[in-house]
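Counting in the numbering used here, the sequence shown tops out at residue 694, every number present. Only one structure is covered here, and it is reproduced in the block below.
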Amino acid sequence: MKKVRFYTLGCKVNLYETEALKGLFEKSNYKVVDNGFADVFVVNTCTVTAVSDKKSRQMIRRMKKLNPKSIVVVLGCYSQIAPEDVKNIKDVDIILGTTDRTKIVEFVENYDGNQVCYVKKDIPCEFENLKSVHQSRTRATLKIQDGCRNFCSYCIIPFARGPLRSKPILDTVNEVKELAKNGYKEIVLVGINLAMYGVDIKSSLTEIIEEVCKVEGIERVRLGSIEPNLITDEFISRISKLDNFCHQFHLALQSGSSSVLKRMNRRYNTEEYLDAVKRLNCAFSDCAMTTDVMVGFPGETDEEFAESMKTVEESGFSAIHVFPYSRRRGTVADKMENQVPENVKTQRSEKMIALGKKLKQKYYEKYVGKTVSVLFEREISTNVFEGHTMNFIQVIANGNGTEGKCQNVVLKGYKEDCMTGEII
Ligand code: SF4
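Rendered as structure tokens:
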């Protein structure tokens, strides 16, 4: 049996696509291996920063060294944006972008030893229906949306992912039913711009959430990253009726300064963002806000950075991801003046990360002594289990636990970035 190995960079959407591709190879009698020799290597690339481009190239070369006779397949956002750069890497045999991934096994089987590129410049409007009902994680990720048309001034993704496309409702519900049958208790709905789910199929994210929450056996439905514009009164009132919907909202902020948000071409200002946070906190007592914040965007002054810190503090996040601005060729921000020096970006990252740690501890410590339901993802040592609550608090608990099962835990304290507890 031929062996295939995968290496994935980037976001949850990429991770989901890799899981789906593994399924396609397994269906064609390939054995998926996680290390060592393989006949086929697949590198699913990312291009969100210059660093991810570099990592993609490094991994391609490393794979070929492991087995010079192997077939190296490169796909994803980097090869969609820069197919010529990938073609120039002599170790690459087959190149795809962010389309036609369902044909990957056929392309490998038909490979004749000459490098071939299947990247399509124009990304079609149909949702490419990849499917993944066996995943290597307890929480099943489900990609239901692709593409973005927001063109935030720092972002290359709309060029890599193309027009807005949604997975049909019936396909989504059927895939969730299969995941439930395979024992998954939690579904994480993801997309490139998830908030735009349904615009191309006369539906909405709220509708698909309601449909997925109805599936028997699914105890939790969680959302990936969403845009603040999604948080309408109608959205809040409809999801507040769903018992198995997780009240953790990864609401991408990007900057806490309205003047920077304007230069980023984001579609809200800090007032509107804080209002969305306030309405969610009012609606859900266990609400958890998490976010992405960029520091060092072109022209960001000390005053604007101070505003950003203030907005982050006011939002009371339970976790923040901090990104120093990364120049991307082909974006509007790349041509902006007043690029911020790297050492200033580093200083600001450190300050924002420290604030994030303080806010996380403050949020977590509110739960000391409380009993919560935890979905255990793995046993890290004998009778010590790790998992997450519905509002995504990370928990390490002692006792008689079971992987893949939701169990009640009394939380004892905050230690090393997570909560400790006893399984009841
Ligand atoms: S919403 Fe903005 S940051 Fe997000 S993928 Fe689209 S363009 Fe990029």
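Just so it is clear, CB atoms sit at the ideal spot from N, CA and C, and this is done for glycine as well. Quick caveat: nothing in here was measured; it's all calculated off a predicted structure.
If you draw a straight line from the alpha carbon of residue i to that of residue j, how long is it in whole angstroms?
| i | j | result |
| --- | --- | --- |
| residue 337 | residue 358 | 19 Å |
| residue 703 | residue 590 | Because residue 703 is not part of the residues shown, which for the chain are 271 to 694, the question remains open. |
| residue 413 | residue 437 | 8 Å |
| residue 474 | residue 456 | 21 Å |
| residue 620 | residue 421 | 28 Å |
| residue 499 | residue 540 | 12 Å |
| residue 652 | residue 524 | 41 Å |
| residue 460 | residue 494 | 5 Å |
| residue 534 | residue 326 | 26 Å |
| residue 378 | residue 559 | 43 Å |
| residue 601 | residue 299 | 42 Å |
| residue 345 | residue 312 | 8 Å |
| residue 383 | residue 363 | 7 Å |
| residue 663 | residue 688 | 7 Å |
| residue 528 | residue 579 | 12 Å |
| residue 577 | residue 629 | 16 Å |
| residue 350 | residue 391 | 8 Å |
| residue 467 | residue 458 | 14 Å |
Tell me which residues share the same chain as residue i and place their Cβ nearer than 6 Å to its Cβ, disregarding the 5 neighbours each side in the sequence.
| i | result |
| --- | --- |
| residue 322 | 279, 316 |
| residue 551 | 557 |
| residue 572 | none |
| residue 610 | 566, 570 |
Return the bridge partner residues of residue i from the DSSP annotation.
| i | result |
| --- | --- |
| residue 659 | 644 |
| residue 459 | 412, 493 |
| residue 386 | 364 |
| residue 521 | 496 |
| residue 749 | Residue coverage of the chain in this structure runs from 271 to 694, which leaves residue 749 outside it and unanswerable. |
| residue 564 | 593 |
| residue 436 | 415 |
| residue 275 | 303, 311 |
| residue 667 | 655, 691 |
| residue 677 | 644 |
| residue 342 | 311 |
| residue 559 | 519 |
| residue 649 | 655 |
Might you give, ordered along the chain, the residues of its own chain that have their beta carbon closer than 8 Å to the beta carbon of residue i, omitting 5 neighbours on each side?
| i | result |
| --- | --- |
| residue 615 | 565, 566, 594, 595 |
| residue 439 | 471, 473, 477, 478, 481 |
| residue 641 | 678, 679, 680, 681, 694 |
| residue 544 | 581, 584, 585 |
| residue 238 | Because the chain is modelled from 271 through 694, residue 238 falls outside the range shown and cannot be assessed. |
Whose CA, out of the options, lies closest to the CA of residue i?
| i | options | result |
| --- | --- | --- |
| residue 519 | 387, 390, 557 | 557 |
| residue 484 | 447, 468, 503 | 447 |
| residue 304 | 293, 276, 288 | 276 |
| residue 660 | 351, 491, 534, 625 | 491 |
| residue 581 | 626, 555, 537, 466 | 626 |
| residue 309 | 327, 555, 341, 487 | 341 |
| residue 507 | 602, 624, 538, 554 | 554 |
| residue 417 | 583, 423, 434 | 434 |
| residue 562 | 576, 521, 548, 601 | 521 |
| residue 505 | 629, 465, 526 | 465 |
| residue 462 | 449, 685, 468, 431 | 431 |
| residue 281 | 576, 372, 571, 411 | 411 |
| residue 532 | 510, 568, 503 | 568 |
| residue 592 | 617, 606, 573, 611 | 617 |
| residue 696 | 571, 424, 292 | No statement about residue 696 is possible, as the shown extent of the chain runs from 271 to 694 and does not include it. |
| residue 292 | 318, 329, 368, 372 | 372 |
| residue 399 | 368, 419, 426 | 368 |
| residue 666 | 646, 405, 549 | 646 |
Here's the rule: buried if 16 or more other CB atoms are within 10 angstroms of the residue's CB, otherwise exposed. What is residue i?
| i | result |
| --- | --- |
| residue 271 | exposed |
| residue 320 | exposed |
| residue 307 | exposed |
| residue 442 | buried |
| residue 287 | buried |
| residue 394 | exposed |
| residue 452 | exposed |
| residue 380 | exposed |
| residue 324 | exposed |
| residue 334 | buried |
Between which residues of its own chain and residue i is the CB-CB distance below 7 Å, once the five residues before and five after are set aside?
| i | result |
| --- | --- |
| residue 604 | 597, 598 |
| residue 649 | 655, 671, 673 |
| residue 295 | 274, 302, 375 |
| residue 623 | 592 |
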